[in-house]
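K.L.:
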Amino acid sequence: MFDTGSAKSFIKKSILEQTNHVNIQFKQQSYLMADGSSTFNILGTTEIFIEFEKSCTSIIAGVVDALCVDCLLGMDYINKYYVNLNNKEKQVQVHIQDIIVDLPMENTMKTINVLGRANAFTYFHPNQEKPIQIISHISSGHMLFSPADALKSKGLVTPHAIVPVVDHIATIFIYNSSMENQQLLYQEIVGEITPYCDTEFVSTIFDPQTRFSIDEDQSKSLTSTSETNIRSLLTHLDDQQDLAEAWQIFTKHHRLFDTTTITIAETDTPHVICTENKPPTTSRPYPQTIEKQNATFDILQQMLKNQQIRPSFSQYSAPILLIKKRDGSYRFIVDYRKLNNITVQDNYPLPNLEQAIQMVGGRRYYSKLDLKSGYFQIPIKEDDKHKTAFITTHGLFEFNVLAQGLKNSPPSFQRIMSGLLLPCKKFSIVYLDDILIYSDNFDQHLQHVNQVLAILNKHKFQLNPPKCEIFRTSIDYLGHTISNDGVRPLQERIEKILSLPQPISLHQANAFIGSIGWYRKFIKNYAHIAVPISAVTNLTKANKHKFHWDQDQREAFDKLKEALITDPLFLTYPDDKLSLTLEIDASDNCIGGVLFQEDDNGQRKNIYFHSQMLPKPQRKWPTIEKEALAIYYCVLRMKLYLLGREFTVYTDHCPLRDMQLKPSNNRRVDRISLILQQYNIKQIHHLSGKCNCMADYLSRYPRQVEDDDDFIEEDFGVVPGIQHCGAVITRAQAKAQLTIPDTVIVESVADQSLVVDDQPPRVAGHVFDVTKIADAQKQDSFYQEQIHKLQQESLKCSFELKGDILYKIIKRGIANLKLIYIPLSLVFQVVKVYHASSWAGHFGFRRTYNNLKDRYWWPNMKDTIRNYLHSCLQCQKFNFARHKSYGFLHPIESPSGPFQMIGMDYSGPFPITSQGNKYVLAITDYFTKWVIAIPTEKQNAQTTAEVLHEHYICIYGVPRQILSDQGTPFNNQLVDAFTTILGCHHIKSTPYHPQTNGAIERFNATFERQLAKVTNVHMNDWDIHLKSVVLAYNTGKHASTEYSPYQLQFGRHPNLPPDPPIAQYEFLKPNDYFQFFRRTLTLYHRQAKQNIIQHQQYYKTNYDTHRADPKFNIGDRVLKRLSTSRTKLSSIYSDPMVVIDAEHPTYWVKNDSNDVYQVHVSQLRSFSAS
């Protein structure tokens, strides 16, 4: 039997004795079985000879008393003779010198499956593993055990393994992977035990679906990359025999170390994205430069080739972002924030750090394996791949593998790796993509490493050799140094506290005692210890010169620092039952943070302190960017404790509260937010600066200095297998490649003649060449006319010819200036130089003309300059309009009565109240001006429909028309279907023209200021006062109707709290009151409508005064005002577009990409072509 899971070959002693064999070298040795715990002994070794079709082979084999087959040929034989096990074609190929022997795989005996039953009742706690005895009809031997499917349904896990059977009893290990107690009944079927014949092929694979398959790449020869990587890992082994044995093991699994190929692991547990029944999230692609669009295309093509992505037809879409690295390549990042917000949290636990570390200390040998780009090796469940869809300018694509930035990536990755390496649980720890193997001696460690590598190899994983460490006696793992002497924590968590410098000034001493004061209730005898420091810090301004820092103060300083990093304030390991909190702060040049936990009694336990000096370029960043950078640096440094765990961030910079939920207006903050997608940040809270003492202090007294401003984690956003998409050009290369046109700077004054050198000074940036003036003048008709006049009447002519160049003589004051005449063919070039070049700055007519009028002259000079400036595309796109916006006022025709036309709009976001409200949806009646304002938690389609139905329609009925803007809360399928069912007409205003819905916009502007006057200092109770402000608005006289909304709504004056009791009216019968009320309301409405019309005409007259109302025709080229400018230096107007439809004052325009926009005339600017 060929066994790819066995490092050695073995033969049964009874079979060996039936042959003429070489003498046995008796030396007892023990070998580890595939279950990770069972062992079997060999009597000794001997050389055996195996003949295939008259070709003889030999191998050193171990001699054993009992074996499941007569002879087992392991990897030593397979590698020696390049045995190719082709399970698909049922063929075995053996290479003997130049001969290839083909052998068929045949079963000569029917397979017998024997049931294995539990020999006793066993109870399992959650995450508990126990040895279990199983009983079967087989008396003895080494058999293949296959677990029953019923175990998996209970959450009980045990691997496929070869197990020894003695007196009908075999021992296996079963692990309870569920979070509930489980039990195994007496005589319950645990699995099947299968004996094998001597010609059947067996592969030691633990996956039940693939245990009879063979890795076809096993037969491939060792690549140069794999060989180099393996040699670098084993180069430290001095013992040649150890090196040879290790080399044999590692070359057997050489594919794991070949980093030139891209692999996708084959696992039974893919990554799952659970979004329940929530609707798909969509986004538009982020704008990109042409360079980045080309780089995106190249990256997509390589990812498609590597089968990491595929074209998508999904309803989901997330935008991508390319961030350029210093080497010219790009980081490929997908913004999955919207998808992550609707993804259900995966609570699969990461290993308990304390238990894991305590288990591995005191061993002799350690090996650490690191998976290369681990996430990109994990497949995604087929049904969930469409949720990873990302949108680019080149189309929609979706991932086949686990992409960076997806929520639940760490727990999902941990679940997969823990399941695969469960057979190796006794001698290995897997923490995400880091695997630690530990053993008591070299031979045992060799077997352990071989078993782990075999599992990884069978499932087509790939390692990262530079980060792997093999056969070490001491190793750094999970923040600790592990060796035979035990476990010692690394100092990185507390080095920032230990390195705090002694204060040298009163200000520094006050800062320290202020930062540590928060911990005073947790530090025993704090007041006594701090007495020397308090004595020199509690000084008035007049006595600050008495400050001193002597031995007593230094000792107190060291004792207080020591208290921060020892029990009870410092935890060696975080408590899995308590939530994690990270406080951060950034100062001008530094950042700092502290990770801690608080128990139910408010006791604070510190876990990690960090501070560092910011690189020089980052010190110039705005405060919001440095605060975001502080979060990133601290999270990155504390990654071991935060990845895969939920935590809360506290910062004293309020604008960062929503950075992980939605894009901000800051590019760097958005980039940092995208990088932090992979972490489970529960919430970012604002913390006042005076409460953020320790983080603030650490940010002001760092010790670490970093010069690298490429702050993003090295591997983040780097897709494996993607070559550099972008060139690197040094400054010297850039200068060498720069083509400098043959141009000069011209300076002409009245008494200075033109000097033309052989090598004139040059500047790059324009095409005007003064040396060509003479030639251009000679071909100009105006020049020829003036030359003719000079020849006829030289004294009366205002021109002068000197050096073949014609000058214009102009009198300025008492001086005569000689100005170069510019021929018509060069006018455009010279104006462009003095207006559009970098040193001219695109200034207006006055500056451009003044720069030219003392140097050059040509006919109609002012008109030519004005026409050129008017047609300058850059000026049209970037210049502000110094006139009133285009378009006359078109008042909405007043409804004939109430409840006919309403407008609605959202206002906010406001500070979140205790009720969770953040927005206000206001609804106003266009006739009565009656307003309803409802506080809401969200502004979306569902909230809009619910408020409209509950607070308006159920009280006042269905209006005929509803007017709103085109925001997403109103312009969606839900609201459209809702208004269609109600039978009312939903009118949407022109984008970015709020005047259309002016009534509600005016109310929003009014009530926000009034509301601000009555809220508390925290501004978190505004929803309590909202109804009072609305009442005040509805009971006040409106300017356009000259009645209060209350009067037009109810036909009487409101009765307010300070008012005296109203007069009583008596009617003969109840119906008389209705007639009186109707007449009164009719009078009110008639007068109100007249007032509305009069005021509308008055407002229109004032609005239209001194305002242009241009009309554009279909086919006209225009510039559209951009709705948002990304920065202050962005253009204000778009590139030229074409008018394709017109209903003045609304127009539809189309750009070069065939995108159509509906715009108001006020958002357009006529395009003047040059």
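If you're matching positions, the sequence shown starts at 1 in full-length UniProt numbering and goes up one per residue. C-beta atoms are modelled at their ideal positions from N, C-alpha and C, and glycine is treated no differently.
May I have the straight-line CA-CA distance separating arginine 363 from leucine 402, to the nearest angstrom?
P.N.:
Within the sequence shown, residue 363 is the residue found at index 363, counting from 1. Within the sequence shown, residue 402 is the residue found at index 402, counting from 1. Whole-angstrom Cα-Cα distance: 35 Å.
K.L.:
Just reading off the beta strand (DSSP E) that isoleucine 820 is part of, what are its end residues?
P.N.:
Position 820 of the sequence shown holds residue 820. Here the beta strand (DSSP E) through isoleucine 820 covers 815-821.
K.L.:
Here's a check: name, in chain order, each residue in its chain whose Cβ is nearer than 8 Å to the Cβ of glutamate 192, leaving out the five neighbours to either side.
P.N.:
Counted from its first residue, the sequence shown places residue 192 at position 192. Closer than 8 Å at the Cβ level, and outside the excluded window around glutamate 192, lie Asn113, Val114, Leu115, Gly116, Phe145, Ser146 and Ala148.
K.L.:
Taking the beta carbon of proline 56 as the centre, do at least 16 other beta carbons fall within 10 Å, making it buried, or is it exposed?
P.N.:
The residue labelled residue 56 in the question sits at position 56 within the sequence shown. Looking at the sequence itself, residue 56 is cysteine, so the reference to proline does not match. Per the 10 Å Cβ criterion, exposed.
K.L.:
Grouping DSSP H, G and I as helix and E and B as strand, with all else coil, what is arginine 331?
P.N.:
Translated into positions along the sequence shown, residue 331 becomes position 331. Arginine 331: strand per DSSP, three-state reduction.
K.L.:
Which value, in whole angstroms, describes the spacing of the CA atoms of lysine 1111 and alanine 1169?
P.N.:
Walking along the sequence shown from the start, residue 1111 turns up at place 1111. Walking along the sequence shown from the start, residue 1169 turns up at place 1169. If I take the Cα positions, the gap works out to 18 Å.
K.L.:
How close, in whole Å, do the beta carbons of threonine 225 and threonine 259 come, if the pair is a contact with beta carbons under 8 Å?
P.N.:
As a working note, residue 225 is residue 225 in the sequence shown. As a working note, residue 259 is residue 259 in the sequence shown. Between threonine 259 and threonine 225 the Cβ distance is about 6 Å, and since that is below 8 Å, they are a contact.
K.L.:
Would you kindly check if the distance between the Cβ of valine 157 and the Cβ of tyrosine 186 is under 7 Å?
P.N.:
Along the sequence shown, read from residue 1 onward, the residue named residue 186 stands at position 186. Along the sequence shown, read from residue 1 onward, the residue named residue 157 stands at position 157. No, they are not a contact pair.
K.L.:
Going by the beta-carbon positions, is the gap between lysine 808 and tryptophan 839 smaller than 7 Å?
P.N.:
Your numbering for residue 808 matches position 808 in the sequence shown. Your numbering for residue 839 matches position 839 in the sequence shown. The answer is no: Cβ separation not under 7 Å.
K.L.:
Just list the residues that DSSP pairs serine 1166 with in beta bridges.
P.N.:
Within the sequence shown, residue 1166 is the residue found at index 1166, counting from 1. DSSP lists Val1118 as partners of serine 1166.
K.L.:
Please confirm whether tyrosine 438 and valine 360 have their CB atoms less than 7 Å apart.
P.N.:
In the sequence shown, the residue the question calls residue 438 occupies position 438. In the sequence shown, the residue the question calls residue 360 occupies position 360. Closer than 7 Å, so yes.
K.L.:
What is the C-beta distance between phenylalanine 390 and isoleucine 320, in whole angstroms, given that I count them as a contact (C-beta under 8 Å)?
P.N.:
In the sequence shown, residue 390 corresponds to position 390, counting from 1. In the sequence shown, residue 320 corresponds to position 320, counting from 1. Indeed they touch by this definition, with Cβ atoms about 5 Å apart.
K.L.:
According to DSSP, is arginine 117 helix, strand or coil?
P.N.:
Reading the sequence shown from its first residue, position 117 is the one you call residue 117. Strand at arginine 117.
K.L.:
Quick check on the DSSP output: the alpha helix (DSSP H) that includes glycine 141 runs from which residue to which?
P.N.:
Along the sequence shown, read from residue 1 onward, the residue named residue 141 stands at position 141. Taken as a continuous stretch (DSSP letters only), glycine 141 belongs to no alpha helix (DSSP H), being part of the beta strand (DSSP E) at 140-147.
K.L.:
Just checking my contact of serine 11 with cysteine 68 at CB under 8 Å: how many whole Å lie between their CB atoms?
P.N.:
Here residue 11 refers to the residue found at position 11 when the sequence shown is read from its first residue. Here residue 68 refers to the residue found at position 68 when the sequence shown is read from its first residue. Per the sequence presented here, residue 11 reads as isoleucine, with serine not at that position. That pair is no contact at about 12 Å.
K.L.:
Tell me tyrosine 1147's beta-bridge partners as DSSP assigns them.
P.N.:
The sequence position of residue 1147 within the sequence shown is 1147, counting from 1. BP columns for tyrosine 1147 point to Ala1142 and Val1159.
K.L.:
Going by C-alpha to C-alpha distance, which of Gln28, Ser9 and Ile48 sits closest to glutamate 17?
P.N.:
In the sequence shown, counting from the first residue as 1, residue 17 sits at position 17. Per the Cα distances, Ile48.
K.L.:
Just list the beta strand (DSSP E) runs in the region 865-953, keeping only unbroken ones of 3 residues or longer that don't cross its boundaries, in chain order.
P.N.:
Runs of the beta strand (DSSP E) inside the region 865-953: 901-907, 919-925 and 931-936.
K.L.:
Phenylalanine 845 and leucine 869 - do their beta-carbons sit closer together than 7 Å?
P.N.:
Residue numbering aside, residue 869 sits at position 869 when the sequence shown is read from its first letter. Residue numbering aside, residue 845 sits at position 845 when the sequence shown is read from its first letter. Yes, the Cβ-Cβ distance between leucine 869 and phenylalanine 845 is below 7 Å.
K.L.:
According to DSSP, simplified to helix, strand and coil, what is leucine 432?
P.N.:
Walking along the sequence shown from the start, residue 432 turns up at place 432. Three-state DSSP puts leucine 432 in coil, outside helix and strand.
K.L.:
Measuring straight from C-alpha to C-alpha, what distance separates cysteine 954 and methionine 904?
P.N.:
In the sequence shown, residue 954 corresponds to position 954, counting from 1. In the sequence shown, residue 904 corresponds to position 904, counting from 1. Straight-line Cα distance between these residues: approximately 16 Å.
K.L.:
Can you say whether lysine 278 is buried or exposed, counting buried as having 16 or more other CB atoms within 10 angstroms of its CB?
P.N.:
On the sequence shown, position 278 is the one that residue 278 refers to. Flag for lysine 278 reads exposed.
K.L.:
When you compare only the Cα positions, how much space is there between histidine 1160 and lysine 1120?
P.N.:
Residue numbering aside, residue 1160 sits at position 1160 when the sequence shown is read from its first letter. Residue numbering aside, residue 1120 sits at position 1120 when the sequence shown is read from its first letter. Roughly 10 Å between the two C-alpha positions.
K.L.:
Using a Cβ-Cβ cut-off of 6 Å (strictly less than) and excluding sequence neighbours within five positions of valine 1014, which residues of its own chain qualify?
P.N.:
Stepping through the sequence shown from its first residue, residue 1014 is reached at position 1014. Hits under 6 Å: His1025.
K.L.:
Should the region 1033-1043 be regarded as contacting the region 922-936, the criterion being three or more beta carbon pairs within less than 8 Å?
P.N.:
Flag = yes, the region 1033-1043 and the region 922-936 touch.
K.L.:
Can you give me the Cβ contacts of tyrosine 1133 inside the same chain, cut-off strictly under 6 Å, excluding the 5 residues immediately before and after it?
P.N.:
Position 1133 of the sequence shown, counted from the start, is the residue given in the question as residue 1133. Closer than 6 Å at the Cβ level, and outside the excluded window around tyrosine 1133, lie Lys877, Leu1119, Arg1121 and Arg1165.
K.L.:
What does the Cβ neighbour count give for glutamate 785, buried or exposed, with the cut at 16 atoms within 10 Å?
P.N.:
Here residue 785 refers to the residue found at position 785 of the sequence shown. Burial call: exposed.
K.L.:
Locate the beta strand (DSSP E) running through threonine 194, then write down its first and last residues.
P.N.:
Locating residue 194 in the sequence shown gives position 194, where the first residue counts as 1. It spans 189-194 - the beta strand (DSSP E) in which threonine 194 sits, taken as one unbroken run.
K.L.:
Looking at C-alpha atoms only, which residue of Pro379, Gln307 and Arg231 is the closest neighbour of isoleucine 273?
P.N.:
In the sequence shown, residue 273 corresponds to position 273, counting from 1. Minimum Cα distance to isoleucine 273 is reached at Pro379.
K.L.:
If we ignore side chains and look at the alpha-carbon of each, how far apart do asparagine 23 and isoleucine 96 end up?
P.N.:
Indexing the sequence shown from 1 puts residue 23 at position 23. Indexing the sequence shown from 1 puts residue 96 at position 96. C-alpha separation (whole angstroms): 25 Å.
K.L.:
Assuming leucine 463 contacts leucine 369 under a Cβ cut-off of 8 Å, what Cβ separation, rounded to an integer in Å, is found between them?
P.N.:
On the sequence shown, residue 463 is found 463 positions in, with the first residue counted as 1. On the sequence shown, residue 369 is found 369 positions in, with the first residue counted as 1. Contact holds; Cβ gap of about 6 Å.
K.L.:
Tell me, please, which residues DSSP counts as bridged to asparagine 41.
P.N.:
The sequence position of residue 41 within the sequence shown is 41, counting from 1. Paired residues: Ser30.
K.L.:
Could you please give the first and the last residue of the uninterrupted beta strand (DSSP E) stretch that includes tyrosine 608?
P.N.:
The sequence position of residue 608 within the sequence shown is 608, counting from 1. Unbroken beta strand (DSSP E) run through tyrosine 608: 604-613.
K.L.:
In or out: proline 465 buried (at least 16 other Cβ within 10 Å) or exposed?
P.N.:
Indexing the sequence shown from 1 puts residue 465 at position 465. Result: buried.
K.L.:
For asparagine 972, collect the residues of the same chain with a Cβ closer than 7 Å to its Cβ; drop the 5 residues on either side in sequence, then sort them by chain order.
P.N.:
By 1-based counting over the sequence shown, the position of residue 972 is 972. Around asparagine 972: Ala941.
K.L.:
From this set, Thr393, Asn84, Thr388 and Ser418, which residue's C-alpha is nearest leucine 406's C-alpha?
P.N.:
Position 406 of the sequence shown, counting from 1, holds the residue named residue 406. Checking every option, the nearest Cα to that of leucine 406 belongs to Thr388.
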